[in-house]
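Asker: Take this structure first; my questions come after.
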Amino acid sequence: MQYNHFIVECPRITKTNCGVCLEAIHKTDIRIKIWHYEKSEFYHLECYKPKLQQYISSRHITSYLKGEYAEKFQSWLNEWNLKFPPLDKPSHFPPKLIKHVESQQSRRKRSWLEIFKFLRPREVLNSIAFVNKEFYHLTWDQELWRHYCIIFFDVQASIVDWRAYYCTLSLQACFGCKAIIQDSEFHRCPLLNKPLCKKCRRQDSKFKVYHKNAIFSKYGINPNVLNLEYVPGFNNRKVTYHFMIEKALYSFREKNKEVILAYFRKLKGFDDLLKIVEEIDLANMDAKDNWHLPNYDQKIQHSLYPRVFNYIRSKEGGLRSLKGKSAA
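Here it is in structure tokens:
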């Protein structure tokens, strides 16, 4: 907030002129001085009109007046301040009103925090914190970072600074088991770009690596259609993790299932097939022994079911093989 700052004094010399009446300010006059870096402004007290229409506090004035000059200036100041409420005087609001305002502010804060919990920490730090001052302060809230620590790292502990602890976990905690990795065993996986401990790399089946030929042998699907990320492995063969393959397969089959459902919903007489397709478990579509063996439910007698199942599983045959077929 801006204030009226100035110096009030009796000049020792008469080489200054008033900025309003342009007359010389004499030694017997009260002079108002407004200091500027390049050139100061000078006024007679009677000519001076403060730029800001507000109460002038004594802490914003530097006074060198004594005796009758000080009394005259104080009289001028009191007359000016009668027009405005004091700036530094506390307002006496009813306790109920204060409680209501605080309650509204608390509800607003609670609402924003609950919304931020749906965002990722990177979005909160890189975007939300720069929206305004209120959001910036909310991004430091301990409850928000406690939520992130629990969701992403399953932390159940009493922590003083949850934000700092989240930063520590994100830089040093294993992506698999969430334990903090010691410096002597620290390893950052080039594929995940996250820390991964030795135990998870060697024992956790999620982090077993597969090259492209192994993916085709296990699932019978061309790995090029799965949009997988790879890194050079043994003998410079491109490899990826098992859990990433499973995730890509589920997404691939989910899209195929949506295509099939949309196709048969346009046709009449396929209500029974639609019901069967809707109940297909996308996470359990692979044969346990050999992928080329039929792993769909052979008790289902619908003539199109095997073709629909194979299309969803591996996009085998395409929609052309289903066109012109009648309902069983």
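Residue numbering for the sequence shown follows my numbering, starting at 117 and increasing by one per position.
We put the CB at the ideal spot given by N, CA and C, even for glycine.
Which complete beta strand (DSSP E) runs does the segment 147-174 hold, if anything under 3 residues is left out?
Answerer: DSSP runs (the beta strand (DSSP E)) wholly in the segment 147-174: 147-150 and 157-160.
Asker: Let me check understanding here. Comparing Cα to Cα, which of I150, V124 and H152 lies closest to T144?
Answerer: Along the sequence shown, read from residue 1 onward, the residue named residue 144 stands at position 28. With distances taken between Cα atoms, T144 lies closest to V124.
Asker: Tell me, please, whether the segment 368-386 touches the segment 320-332 by the rule of three or more beta-carbon pairs shorter than 8 Å.
Answerer: With the cut-off at 8 Å, the segment 368-386 and the segment 320-332 do not touch.
Asker: How big is the Cα-Cα spacing for Y264 and R238?
Answerer: One-based indexing of the sequence shown puts residue 264 at position 148. One-based indexing of the sequence shown puts residue 238 at position 122. Between Y264 and R238, the C-alpha separation is close to 11 Å.
Asker: Any chance the segment 342-359 sits against the segment 375-384, with 3 or more Cβ pairs inside 8 Å?
Answerer: With a cut-off of 8 Å, the segment 375-384 and the segment 342-359 do not count as touching, because too few Cβ pairs lie within range.
Asker: Based on Cα-Cα distance, which residue from L312, P311, G336 and S156 lies nearest to K431?
Answerer: Against the sequence shown, residue 431 aligns to sequence position 315. The residue with the shortest Cα to Cα distance from K431 is G336.
Asker: Taking the C-alpha atoms as reference points, what is the distance between S174 and S286?
Answerer: As a position in the sequence shown, residue 174 is number 58, starting the count at 1. As a position in the sequence shown, residue 286 is number 170, starting the count at 1. Each residue's Cα considered, the two are about 53 Å apart.
Asker: Determine the burial state of V424: buried for a count of at least 16 other Cβ atoms within 10 Å of its Cβ, exposed for fewer.
Answerer: Taking the first residue of the sequence shown as 1, we reach residue 424 at position 308. Buried.
Asker: Tell me where the alpha helix (DSSP H) around E250 begins and ends.
Answerer: Numbered from its first residue, the sequence shown carries residue 250 at position 134. Residues K249 to L254.
Asker: What's the C-alpha gap between W407 and F323?
Answerer: Looking up residue 407 in the sequence shown gives position 291. Looking up residue 323 in the sequence shown gives position 207. The predicted position of W407 is uncertain, since its pLDDT is 47 and thus under 50; no value can be drawn from it.
Asker: Residues in its own chain within less than 7 Å of G83 by CB, not counting five upstream and five downstream?
Answerer: In this structure the chain extends from 117 to 444, so residue 83 is not present and cannot be described.
Asker: Taking the alpha helix (DSSP H) that E370 falls in, what are its first and last residues?
Answerer: By 1-based counting over the sequence shown, the position of residue 370 is 254. From DSSP, the alpha helix (DSSP H) with E370 extends over H358 to R381.
Asker: Given that a residue counts as buried once 16 or more other Cβ atoms are within 10 Å of its Cβ, and exposed if not, what is R128?
Answerer: Your numbering for residue 128 matches position 12 in the sequence shown. So R128 counts as exposed.
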